[in-house]
Each structure stands twice: as structure tokens, then as C-alpha cells.
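Following: one structure in C-alpha cells, then a few remarks.
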Amino acid sequence: MASVNSPLAGKVALVTGASSGIGEATAAALATAGAKVAVAARRADRLSALAGRIERAGGNALAIEADIASNGDIAAMIDKVVAQWGRLDILVNNAGIMLLSPAAEADLDDWRRMIELNLIGLMATTKAALPHLKAAKGHVVNVSSVAGRVANPGASGYAATKFGVVAFSESLRREVYADKVRVSVIEPGLVRTELGDHITNEQSKAGLDHRLATMEALTAEDIANAILYAVSQPPRVNVNEILIRPTDQER
Ligand code: NDP
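According to the working numbering, the stretch in the sequence shown is residues 1 to 251, in order.
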């Protein structure tokens with residue numbers, strides 16, 4: 001699959017939340033562009049299937065079962081990537097959950113789970129990867145959301161995590177730019193994936209289903225293309241932020 005002319009030839013990437021949706025599409029796109037790709041999430045069967053598809057197409061893949069809400073799993077995940085390929089150039093922090101509900105009805109455990117994964121997990125993964133990313137003059141891509149820029153009613157807990165991702169990314173950029181480490185934050189609008197499947201608040205779930213039924217949502221590949229664009233630029237170009245909505249989406 002990869003040739004020396006592939007834009008990411010020789011690069012090693014790690015994509016979290018790669019067992020479905022945006023992460024799966026991004027891992028496939030990075031592999032097609034020539035990167036060796038480690039794919040991490042909890043559903044090991046889905047990761048093995050993805051790694052198999054990448055390898056059958058001539059690429060290099062490594063499936064890593066990891067819970068990004070666990071510090072131990074995060075450390076082991078980074079170690080496995082570096083043990084396998086000796087470096088880490090591109091970290092795509094994509095794993096996330098969206099447990100929508102109005103604040104008054106929120107399940108506190110849902111809020112905690114979102115903060116632990118979407119925010120602390122992303123931050124801890126970045127911290128664990130930073131020594132390797134500095135050594136490689138690498139790139140961190142953090143998947144936030146339009147909800148990290150626009151705080152809509154019914155999404156307060158989720159938006160709090162995604163605003164946090166945007167803030168963390170900008171602080172990080174200013175800490176590591178002198179090491180030639182680039183930081184990009186990706187802010188998708190509505191994408192048709194499994195993300196809404198875990199919402200337990202019936203009204204919130206119905207609202208999301210209605211939006212999906214009445215607009216042409218983005219595809220996971222649309223976001224993978226945006227991430228591929230960001231990581232394929234020459235080293236002098238630091239694409240800091242991509243806000244990408246479906247044409248049909250107002251807010
Ligand atoms: P999916 O539900 O399809 O993918 C989520 C991924 O995260 C899965 O691979 C899942 O794998 C993984 N994940 C969930 N919990 C954990 C965990 N504890 N540890 C490791 N991995 C975990 O949804 P999307 O592809 O849509 O979501 C990807 C990212 O995009 C998220 O951060 C989301 O917030 C963001 N986003 C999505 C939008 C959309 O409209 N779909 C819009 C804006 C942003 P597994 O269950 O196997 O662990």
C-alpha cells in the first residue's frame with residue numbers, strides 16, 4: 001500500500017477509539033497514506049478486524065485493547081506502540097462518549113464517565129506520549145466537537161468536556177511548539193456514527209435521532225479526510241483548528 005511517495009511513509013500513528021466511526025475511518029486513511037497505524041479501543045474483535053483489513057491492503061497495523069479511562073492501560077498502550085515500531089509521530093486522541101441530557105436530569109455517573117474519558121483520558125494519553133512525540137517532532141490531533149465551541153442546551157456535560165479539549169489543546173500547543181510538536185484540534189458537527197447509541201435520556205436520544213433523520217450528516221470519512229489534511233502538511237504548517245459542520249447544520 002505505502003510507497004516512498006506516500007505522504008506519511010515512515011510515520012507511526014496511534015488512533016484511540018478506532019473500533020468504530022471517526023477513529024476507524026481515520027486509521028484507515030492514515031494507513032492508506034503510508035503510516036504504520038496502532039488502533040486502540042476496548043472492543044478487541046473490531047480492532048483485529050480493522051488491523052486485518054489494513055494489513056491485507058498492504059499496510060502495517062497493531063491492534064491494542066485499551067480503556068482510555070485507565071491510566072495503566074494508557075501507559076501500556078504507548079509502550080506497545082514504541083516497542084513495536086520504535087517511535088510515535090502522530091497521536092489522534094479520538095476516543096469519546098456523548099451522554100446527552102438536560103443538566104437538571106443528568107446522571108452524575110454519566111458526567112463523570114465523560115470527563116474521565118473525553119477529557120482526562122485524552123490529557124493522560126497526551127502526557128504519556130509527549131516524550132516520544134518530542135523525540136519525533138510529532139503531531140497531536142485532538143478530536144473535540146462543535147460542542148467545544150458552541151454550548152447548546154441539552155449538552156452541558158458533553159460541551160464541558162469538549163470546551164476542555166479545546167483549552168487543553170491551545171495550552172499544549174504553546175508549551176510544545178518550540179519542540180516542533182504540532183497540535184491540531186478537530187471540531188466536527190453531526191457525524192453519522194455509533195456515538196448517540198449510548199444516550200440513556202429518552203428525550204435527548206429522540207432529539208438526536210430527529211436531527212439525524214432531517215439533515216444530511218457528515219460521514220466518518222469526511223472527518224478522517226480533515227485529519228489527514230492536518231497531518232500531511234509540511235513541518236512548517238501547524239493546522240491548529242478545523243471546525244467542520246454539515247452544510248445543513250446551523251449551530
Ligand atoms: P463512535 O461511538 O462510533 O466511536 C467512539 C470510539 O470511542 C469507539 O471506538 C469506542 O470504542 C471508543 N471508546 C469509547 N469508550 C472508550 C474507552 N473507555 N476506552 C477506549 N475507547 C473508548 O463515535 P464517533 O466516531 O462519532 O466518536 C469519535 C469522537 O468524535 C468522539 O470523541 C466524539 O465526541 C467526537 N465527535 C463525534 C461527533 C458525531 O456527531 N459523531 C461530532 C463531534 C465530535 P470501544 O467502545 O470499543 O471502546
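C-beta: ideal position from N, C-alpha, C; glycine also.
C-alpha distance - residue i paired with residue j, whole-angstrom precision
i: PRO131; j: MET215; result: 43 Å
i: ALA124; j: ALA178; result: 21 Å
i: LEU8; j: ALA31; result: 8 Å
i: ILE78; j: ILE199; result: 30 Å
i: SER169; j: LYS162; result: 11 Å
i: ALA95; j: ALA18; result: 7 Å
i: GLN233; j: VAL12; result: 16 Å
i: ALA220; j: SER145; result: 13 Å
i: ARG192; j: LEU212; result: 7 Å
i: ASP110; j: ALA40; result: 22 Å
i: ARG46; j: ASP197; result: 17 Å
i: LEU99; j: ALA128; result: 27 Å
i: THR126; j: GLY207; result: 33 Å
i: ASN118; j: GLY58; result: 32 Å
i: VAL143; j: LEU190; result: 13 Å
i: VAL140; j: PRO235; result: 13 Å
i: GLY154; j: ARG112; result: 16 Å
i: LEU218; j: VAL15; result: 20 Å
i: ARG42; j: LEU228; result: 24 Å
i: ILE120; j: ALA159; result: 14 Å
i: ASP222; j: ALA29; result: 11 Å
i: MET114; j: GLY34; result: 33 Å
i: VAL166; j: LEU122; result: 11 Å
Helix, strand or coil at residue i according to DSSP, with G and I counted as helix
i: ASN60; result: coil
i: SER145; result: coil
i: ILE242; result: strand
i: ALA135; result: helix
i: VAL183; result: strand
i: GLY9; result: A quick correction: the sequence has Ala, not Gly, at residue 9. Coil.
i: GLU24; result: helix
i: GLU65; result: strand
i: ALA41; result: strand
i: LEU116; result: The residue you asked about is not Leu; residue 116 is Glu in the sequence shown. Of the three classes helix, strand and coil, the one that applies to GLU116 here is helix, per DSSP.
i: ILE199; result: coil
i: SER101; result: coil
i: ARG236; result: coil
i: THR161; result: helix
i: VAL150; result: coil
i: SER48; result: helix
i: VAL31; result: Here the sequence assigns Ala to residue 31, which means Val is not the residue at that position. The answer is helix: DSSP assigns ALA31 an H, G or I state.
i: ARG254; result: Only positions 1 to 251 of the chain appear in this structure, which leaves residue 254 out of reach.
i: ALA106; result: coil
i: SER70; result: coil
i: SER19; result: coil
Buried or exposed by the 16-neighbour rule on C-beta atoms within 10 Å, applied to residue i
i: HIS210; result: exposed
i: LYS134; result: exposed
i: GLY72; result: exposed
i: PRO188; result: buried
i: ASN240; result: exposed
i: GLY157; result: buried
i: ALA83; result: exposed
i: THR247; result: exposed
i: VAL237; result: exposed
i: GLU24; result: buried
i: LYS36; result: buried
i: SER204; result: buried
i: ALA255; result: Nothing can be reported for residue 255, as the shown portion of the chain is limited to 1 through 251.
i: ASN152; result: exposed
i: SER252; result: As shown, the chain starts at 1 and ends at 251. That puts residue 252 outside it, with no answer to give.
i: ASP107; result: exposed
i: SER171; result: exposed
i: ARG174; result: exposed
i: ALA69; result: buried
Cross-strand partners of residue i (DSSP beta bridge)
i: LEU91; result: LEU14 and VAL140
i: LEU218; result: VAL191
i: LYS36; result: VAL12
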